[in-house]
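See structure below.
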Amino acid sequence: MLPDGILAKFFGSICRSKCRNVMPIPFTPDGLRMDMSTPDHLVRHIDTDEQETAEWLAALNSVLEAAGPERARFLLSRLSSAAREAGLNWRDARITPYVNTIRAADEPPYPGGSDALELEERIASILRWNALAMVVRANRAHGELGGHIASYASAADLFEVGFNHFFRARTVDFLGDLIYFQPHSAPGIYARAFLEGRLGENDLAHYRQEIRAKSLGHQGLSSYPHPWLMPDFWQFPTGSMGIGPISAIYQARFMRYLEHRGLLQAQPRKVWGVFGDGEMDEPESLAALSLASREKLDNLVFVINCNLQRLDGPVRGNGHIVDELETIFGGAGWNVIKLLWGSDWDPLFARDLSGELVDALNRTVDGQLQTFAAHDGAFNREHFFGQNPALQAIGATLTDEEIDRLKRGGHDLRKIFAAYHAAHHHCGAPTVILAQTKKGFGMGAAGQGKMTTHQQKKLEREDLLEFRDRFRLPLSDEQVDQLEFWKPAPDSAEMRHLQARRAALGGYVPPRVTTGTTVPVPALVTHAQFALEAGGKEMSTTMALVRMMGNLLKDEHLGRHVVPIVADEARTFGMANLFRQVGIYSAQGQLYEPEDIGSILAYREAKDGQILEEGISEAGAISSWTAAATSYAVHGLPMLPFYIYYSMFGFQRIGDLIWAAADQRARGFLIGATSGRTTLGGEGLQHQDGSSLLTAATVPNCVSYDPAYAYELAVIVDEGMQRMLARNEDVFYYITVTNENEAQPSMPVGSREGILRGMHCVSPGEQPEVRLLGAGPLLKETMAAADLLEGIFSVRTEVWSVTSFSELARDGIACERARRLQHASPDPWVTQQLGASDSPVIAVSDYVRAVPESIRAYVPAHYVTLGTDGFGRSDTRAALRDFFEVNAKWIAYAALCEVYAGKKTAAEMRVIASRLELDLDKPLSSSL
Ligand SMILES: Cc1ncc(C[n+]2csc(CCOP(=O)(O)OP(=O)(O)O)c2C)c(N)n1
């Protein structure tokens, strides 16, 4: 009967003990005394009653031996709740000691034994050299190219264990693991592909010289993983810190979604993400940790390369980044594995009977660990092992050379294998491996642990020779001087082993594979007849979009490929009917009776639900969208995601994730709803979007539209589906839709081409004196302006609907350039449409003027633009349009200024303005 007796003893002893902090040991790396106080969170409590502690520990051990770990866990939980009941306010520290989570005794045998270990170490050394040589060579030739040596130097072993034992390739019957590679470790991944025979020497010789290489008939290698630039190689762009981690989580989750919906066969695939410890500072890196554990994503493994440094200096110089991440990941429900010390530390820990060694490691902050990494064995003996007699005794069992060679966990293949093995087999939660390494490992005095190591791109001769010797590379001095790449003969033991391991794991990684699978697109009339033949019916373009999507979801072939995504606000966009129709995806199904059960709009969660409702995380929703939009390549299964969101919280909020999706050759629809600076009345400054179309225009493979009418929207969506699903083009669509109800006309005959190319005439006029171009929600104001001009001022007009200024501008740029380069080219579409007339042209957009300005060069007449520059305001649409000078009256007035130019005086124009009730002395909308 342990509990009661033990509990009584426990509380008694706690009351007796007075905890005392260990005094930190001042550390003097250069002989000077420094204030090196250990931060409070790294100071452990001292034992005031060792005998009592020993009794408790013995009790725990005896339970473990007699009844096993389950019983021991139960007792500890029971103790913990008793402590809480007694008001102790105690909780288990989230931080475990600064040692490996996996005990040496629990390590599995290394596959292939010591022979394999030795070979793999040699292979890693070759890769280190080739990666280094690649960067140094490029920078010797062109100092501006840049590149990184130190990151891969620290991560090489972490990658190699993955490549040799875990990262499974795509085969005919297995879709393969997915790996998110730390971007600035790219040289190492290229170095491996070179040994594998996937890249040639000329490719390596053109690292970061993609343009020049192509002109010489070589591939050239992009700086970081960029599927756009190396479409058969890289799968996931990670160059912008933080994007890799959140994308990896949502990728793992999307794989589950596909499985639960029965679209993808359930396979034991893994998503691996290798990231830097500095990268974990990015909000996106940590943003979705709880989603991963909530959804029990045991198909996900993060390996955080804790080399303790970022670019400028230590990640957490005054603490332990590993402990901090342990707390964060552990708190979020992840399985955390600390991989801190190599096998050569095991005998030292075995000798550490007093616990002084562990205590010293607990207290040594990262900035100090970095300093130790940068110094030799003698220094470390003096300053680390020299701290007290117990440590001195442990250090005395090693030579300086051995101290120098003591490995950190992330450089020990055996330890890494044990951690990966545990992660690979862990069930019920994602795993993070916190692997401690040295930045610039092996770069010697030139780089290892140096503050400046991240930016080191060149090495002196002596350093290169030292590197060669350090990794026992069979290179002559001359070969080192020439920075020759080293590739052992195909029948060498190293190459045979390397190839055999990859063959056993199904082939090479990373591969980006596209199968060219197409999905039949239903005829436009089947899902959008209501829009094509609207006949004046009132609806908003958002309503039209949702109705089309509802119809597409019902399509026999396409339906299951559609992925509706929202962050929140499905109700705002009128999508609540889809809850019932296709359900909201939840891995757990629905464990509660929804409040609105029985209603036709009932909130329905289901394991095979089709809607991804991500909660208020635009970063999460776009990551899901990217996973779906690239499924055609990643899983060989084309999907058609529609992510519908407040347009202001798209390009502005998560523009970098959209840029990464573009890099990844995403295909899908981004729908900027409640769009337009004056169309989303009431919401004011941070909601009213006047810029997303401008940003969208800067993304090369993003095709953006601002349709005014439901039929325009229908044609655009149809063409988008044709291009992405039937013609397999690597483009994605950004379409703005609004919540303003409007009488929707039917589609005029022959307007399809104009809609798609960017403008079509909606109100032709005989010899117009002014041409009005209206876009999106402001087409209505433009039409009203034409009525004013015709009705009150007898000015002949013509009105055009501009569906896309950016498509018009792109066409203009291409035609103009073709001409400059002496190629035959038709006029740009906008030039053709506006023809030979020199009547002035007035363009109006609910976005900043830079959007309509983008076509100025191709407008063959005097051109005036009106837009919504400035901060949004909370008010009615009418008030907003007057404020931004984009309502019918202001448009008409702008037109009259051109029509009457040189014919009417300023005073006469003021009379016209007052007739239109316009205040000509109001401040500029964008003035401060
Ligand atoms: C969003 C973003 N900000 C800044 C950078 C520039 N940058 C590239 S690497 C790096 C430091 C990375 O440190 P860490 O993640 O610790 O990786 P390590 O090189 O130490 O392995 C920085 C700031 C970037 N790539 N992306």
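If you count the sequence shown from 1, position 195 lands on 194 in numbering that gives the first Met the number 0, and the numbers rise without skipping.
Built from N, CA and C at the ideal position, the CB exists for glycine as well.
What you are looking at is a predicted structure, and each value in this text was computed from that prediction instead of being measured.
Secondary structure remark: continuous beta strand (DSSP E) runs of at least 3 residues inside the region 403-439, in chain order: 430-435. Under the criterion of beta carbons closer than 8 Å, alanine 372 and glutamine 447 qualify as touching, at roughly 6 Å. At a cut-off of 7 Å, the beta-carbon of lysine 456 does not count as near ligand 1: no heavy atom of the ligand is closer than that. When DSSP states are grouped into helix, strand and coil, glycine 187 belongs to the helix group. For the pair of segments examined, the region 265-279 was found not to touch the region 690-703: the number of CB pairs separated by less than 8 Å stays below three.
The three-state reading of DSSP puts tyrosine 256 in helix, counting H, G and I together. Relative to ligand 1, the beta carbon of lysine 438 is positioned inside 7 Å of a heavy atom. Relative to ligand 1, valine 314 has its C-beta within less than 7 Å of a heavy atom. Non-local beta-carbon contacts of tyrosine 584 in its own chain, meaning distances under 6 Å to residues more than five positions away in sequence, involve Tyr256, Gly608, Leu611 in chain order. Here the distance from the Cβ of methionine 240 to the nearest heavy atom of ligand 1 is below 7 Å.
Within the model, the alpha-carbon separation for glycine 145 versus valine 801 is close to 44 Å.
Under a 10 Å Cβ-count criterion, tryptophan 799 is classified as buried, with 16 or more other Cβ atoms of the shown protein chains found around its own Cβ. Cα atoms of leucine 895 and alanine 742: separation of roughly 27 Å, rounded to the nearest angstrom. Cβ contact annotation for leucine 474 (same chain, cutoff 8 Å, sequence separation greater than five): Trp128, Arg467, Glu483, Trp485, in chain order. Under the Cβ criterion (8 Å, minimum of three pairs), the region 407-424 counts as touching the region 296-312. In the structure shown, tryptophan 799 adopts extended strand secondary structure according to DSSP, grouped into three states. For isoleucine 621, same chain residues with a beta-carbon under 6 Å away, outside a window of 5 residues either side, are Ile653, Leu656 in chain order. Note: glutamate 537 is bridge-paired with Ala742 in the DSSP secondary-structure output. For ligand 1, a non-hydrogen atom lies closer than 7 Å to the CB of glycine 277. Glutamine 308 has its CB nearer than 7 Å to a heavy atom of ligand 1. A residue is called buried once 16 or more other Cβ atoms fall within 10 Å of its Cβ, and arginine 819, having fewer, is exposed.
Note that the region 704-713 touches the region 762-782; at least 3 beta-carbon pairs, one per stretch, sit closer than 8 Å. Exclusion of serine 622 from the 7 Å shell around ligand 1 follows from its C-beta lying no nearer than that to any non-hydrogen atom of the ligand. Taking the Cα positions, serine 805 is about 11 Å away from alanine 849. Using a Cβ distance threshold of 8 Å, glycine 439 and serine 153 count as a contacting pair. Leaving aside the five residues that flank asparagine 738 on each side, the residues in its chain whose CB is nearer than 6 Å to its CB run, in chain order, Ser539, Thr541, Thr673.
When only Cα atoms are considered, tyrosine 892 and alanine 823 end up about 40 Å apart. Here leucine 126 is not near alanine 492, since their CB atoms are 8 Å or more apart. In the DSSP annotation of this structure, the continuous segment of the beta strand (DSSP E) that includes isoleucine 178 starts and ends at 177-179.
The alpha-carbon of arginine 770 is positioned some 57 Å away from that of glutamine 264. In this structure, the CA atom of threonine 875 is about 21 Å from the CA atom of phenylalanine 648. By the neighbour-count criterion, in which a residue is buried when 16 or more other Cβ atoms sit within 10 angstroms of its Cβ, phenylalanine 73 is exposed.
Glycine 272: member of the beta strand (DSSP E) spanning 270-275, first to last residue. Per DSSP, the unbroken alpha helix (DSSP H) holding phenylalanine 348 starts and ends at 345-350. If you compare the alpha carbons of His453, Ala190, Asp375, Ala569 with that of leucine 497, the shortest gap goes to Ala190. Per DSSP, the continuous alpha helix (DSSP H) segment holding phenylalanine 804 begins and ends at 804-819.
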